[in-house]
Every structure is written in structure tokens, then in C-alpha cells.
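Before any comments, here is the structure.
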Amino acid sequence: GEAGNNSTLVAPKARLTVLISNGVYDYSQKANQKNALNTFDDLGIPYDLVDGMDPLQKEKRDEFFKISGVRGNYPQIFS
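The sequence shown: position 41 = 1156 (the numbering used here), numbered continuously.
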């Protein structure tokens, strides 16, 4: 039969969702956003961005704020 050769099976990488704000003025939040995204890029971790400033993404943003219980603090990372 098909004995345990699973080397050809590759699980798809889970994607993170990163809630950011392109209009954030707080220096530490801006630096934290940049550092998080750079780290994900360096490690090859796939992610999708949700921009908290984008009116078209307001509904998504509010859903993430509800999950985290934290508003207006960036970045927030969800798996």
C-alpha cells in the first residue's frame, strides 16, 4: 500500500492578518508596524494587511477591534 511517504504533501502556510494604520502618528506604533512587517517579510511569513485608516476597510477593522478589545493601537496581528 501507500506506506508513510508524506514528503510530497506540503501544508499550505497559514496567513496572518495584520491590522495597521497608514495614518498613525505615534512614533513607537509606526516603528512597531514597520518592524513587524519587516520581520514577517524576512521570515517569509505570508500576511494580509487591513488598514485601519481606510474607510473601505472600516467594517473589517471594527471586527478586529472587537476581537482584540483594543482600539487605535497598531499593529495588531491575528492568525
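Backbone N, C-alpha and C fix where the C-beta goes; we use that ideal spot for every residue, glycine too.
The beta-carbon separation of P1190 and L1134, rounded to 6 Å, stays under the 8 Å limit for a contact. Secondary structure of Y1162 (DSSP, three-state): strand. Our two residues, G1159 and L1152, have alpha carbons roughly 10 Å apart in a direct line. Just so you know, the alpha carbons of D1141 and D1163 end up roughly 22 Å apart. Exposure of S1143 is indicated by the presence of fewer than 16 other C-beta atoms within 10 angstroms of its C-beta.
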